[in-house]
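Protein chains in written order, with the working numbering: chain U, 396 to 690; chain S, 114 to 275. Worksheet: the structure to be examined is printed underneath.
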């Protein structure tokens, strides 16, 4: 339960961190908030030769309006900071709603947005939020930078498109269209525990109150954030009636997600939970978009 | 290159300087290097909350940080709550009066979680108290007396020296 011997570098600029990463390659691990990495070190499930700590770099944390009118978040911004930021509540209500469900305040005080996104735990909330909102990530290396869609970033269990010489430095969330409602709903045995099941829903209504766009993405439902695109597309063009929501929830949770059993829940129970949570999430997303129930 | 690195930090208002291996956890640093054994170590993966300390004023898990990362930072541990061994901090007094602990293993982490919580929420509801405690495991009390102690602590802190 103690980390194996490791060396430690604390560069004071992104350029220095990228140079160190290029030098050490696979032997290095980036240390952001450490709330997932340090447990892995303690269990010796991860035994990197060198840790490159991003915490001393002062200019990797920000929350601001992006050029396109959405949100730009620096990768090292603490989760707690994002959770309490008024611009996030206004521009990214889904992120604002999901963050208090990420572990506990003691963890969010230290944990970073970029760290959770790059760690790619399929039970984590933030990757699901990023995929649902159509976020883009800026990945930087010593030789250049590139943008990648969150959807394309997640490859498998804790595996992403991030190359050994790259650091995730910025997250961009697009501006949501008018009459869009979001909801994030999860079920955990205790508040702050890993969720047994959870779903993010986003719906957009047109002038006639019909659904013009819908997205459903699940956590703890497969190796990556699991998007139920076919169920979501069933909703488009309809009025998000209780029956259509029930049908979409049924399709998503029987056909499109792939939960695995663990000591707390069987596959059948997880599918059941996901279905119930989907109905709740879609109903409140609809209400928040200005459909019938309001809010 | 895993050799020892110098770390200089402030704990409970006092400066310390040590040379440590980079792999040394902050929780072990407090206990073994500084002999501040009030910070307890339970699960060592961020679940139990026993090692909660204040890092630049905010509660964090000391087991999820390396000691070298605390370079230049300010920490507060349970030992910093009071400097008079005869007089408990109001938060501690409330736990004493309401019987908010049994074995005491989780108590230091709970106190360090509650200190900033009660500053931000001087009159918390029971629901808010339970949510604030959700990151700290207690295996003895069933939490009832802890919740009662937090309510009492809020009273004491609103009316000091009652």
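From the three backbone atoms N, C-alpha and C, an ideal C-beta is built for every residue, glycine too.
Check                                                                                                                                                                                                        : Outcome
Show which residues of chain U have a CB atom less than 8 Å away from the CB atom of residue 247 (chain S).                                                                                                  : 499, 585, 586 and 587
How would you list, in chain order, the residues of chain S whose beta-carbon sits under 9 Å from the beta-carbon of residue 400 (chain U)?                                                                  : 115, 134, 135 and 136
From the beta carbon of residue 452 (chain U), is the nearest beta carbon of chain S less than 8 Å away?                                                                                                     : no
List the endpoints of the continuous beta strand (DSSP E) containing residue 544 (chain U).                                                                                                                  : 539–544
Grouping DSSP H, G and I as helix and E and B as strand, with all else coil, what is residue 226 (chain S)?                                                                                                  : helix
For residue 672 (chain U) and residue 615 (chain U), which I take to be in contact (beta-carbon distance under 8 Å), what is that distance rounded to the nearest angstrom?                                  : Going by Cβ atoms, the distance from residue 672 (chain U) to residue 615 (chain U) rounds to 11 Å, so no, they are not a contact pair.
Identify the contact partners of residue 397 (chain U) in chain S, using a Cβ-Cβ distance below 9 Å as the criterion.                                                                                        : 136, 137, 138, 141 and 157
For residue 645 (chain U), does the three-state DSSP call read helix, strand or coil?                                                                                                                        : helix
Looking at C-alpha atoms only, which residue of U:505, U:663, U:458 and U:565 is the closest neighbour of residue 169 (chain S)?                                                                             : U:505
Using a cut-off of 9 Å between C-beta atoms, extract the partners of residue 144 (chain S) located in chain U.                                                                                               : Near residue 144 (chain S) there are no residues of chain U at all, since even the closest Cβ is about 13 Å away, more than 9 Å.
I need the straight-line Cα distance from residue 88 (chain S) to residue 435 (chain U), nearest angstrom please.                                                                                            : Past the boundaries of the shown model lies residue 88 (chain S); chain S is included only from 114 to 275, so the question cannot be answered.
Out of U:575, U:509, U:572 and U:606, which one is the CA nearest neighbour of residue 565 (chain U)?                                                                                                        : U:509
Please check the pair residue 416 (chain U) and residue 452 (chain U), which I expect to be a contact at CB under 8 Å, by giving their CB distance rounded to whole angstroms.                               : Not confirmed; about 13 Å, so no contact.
Could you please give the first and the last residue of the uninterrupted alpha helix (DSSP H) stretch that includes residue 664 (chain U)?                                                                  : 662–683
Would you tell me roughly how many angstroms separate the C-alpha atoms of residue 149 (chain S) and residue 192 (chain S), rounded to the nearest one?                                                      : 7 Å
Within its chain, find whatever has a CB closer than 7 Å to the CB of residue 516 (chain U); leave out the 5 residues flanking it on each side and keep chain order.                                         : 431 and 553
Quick one: what does DSSP say residue 609 (chain U) is sitting in, helix, strand or coil?                                                                                                                    : strand
In chain order, what residues of the same chain lie with their CB nearer than 8 Å to the CB of residue 128 (chain S), ignoring the 5 residues before and after it?                                           : 121 and 122
Classify residue 425 (chain U) as buried or exposed, calling it buried when 16 or more other Cβ atoms lie within 10 Å of its own Cβ.                                                                         : buried
Would residue 139 (chain S) and residue 124 (chain S) qualify as a contact pair, given that the criterion is a beta-carbon distance under 8 Å?                                                               : no
Give the straight-line distance between the Cα atoms of residue 144 (chain S) and residue 640 (chain U), rounded to the nearest whole angstrom.                                                              : 55 Å
Between residue 536 (chain U) and residue 558 (chain U), is the Cβ-Cβ spacing less than 8 Å?                                                                                                                 : yes
If the criterion is Cβ atoms closer than 8 Å, does the pair residue 135 (chain S) and residue 179 (chain S) meet it?                                                                                         : yes
Quick one: residues in its chain with C-beta nearer than 7 Å to the C-beta of residue 239 (chain S), no 5 flanking neighbours on either side, listed in chain order?                                         : 260
Counting only runs of 3+ residues fully inside the region 114–200 of chain S, write out the beta strand (DSSP E) ranges in chain order.                                                                      : 118–124, 127–133, 165–168, 171–174 and 187–189
Using a Cβ-Cβ distance under 8 Å, would residue 223 (chain S) count as near chain U?                                                                                                                         : no
Considering Cα atoms alone, identify which of S:116, S:262 and S:256 is closest to residue 210 (chain S).                                                                                                    : S:262
Drop a sphere of 10 angstroms on the beta-carbon of residue 655 (chain U), count the other beta-carbons inside from all chains shown, and report buried for 16 or more, exposed for fewer.                   : exposed
Could you tell me which uninterrupted beta strand (DSSP E) segments, each at least 3 residues in length, are contained entirely in the region 518–583 of chain U, listed from first to last along the chain? : 531–536, 539–544, 549–551, 562–568 and 575–582
When DSSP labels each residue in this structure, what does residue 239 (chain S) get in the three-state scheme?                                                                                              : helix
Let me check understanding here. Comparing Cα to Cα, which of U:622, U:539 and U:507 lies closest to residue 427 (chain U)?                                                                                  : U:507
Taking 8 Å as the CB-CB cut-off, is residue 421 (chain U) touching chain S?                                                                                                                                  : no
Round the Cβ separation of residue 570 (chain U) and residue 524 (chain U) to the nearest angstrom and send it over; I've been treating them as touching at under 8 Å.                                       : So it is not a contact: roughly 15 Å between Cβ atoms.
So, residue 599 (chain U) versus residue 620 (chain U), is the Cβ gap smaller than 8 Å?                                                                                                                      : no
Just mark residue 257 (chain S) as buried or exposed, buried being the case when its beta carbon has 16 or more other beta carbons within 10 Å.                                                              : exposed
Tell me whether residue 256 (chain S) sits in a helix, a strand or coil according to DSSP, three-state version.                                                                                              : coil
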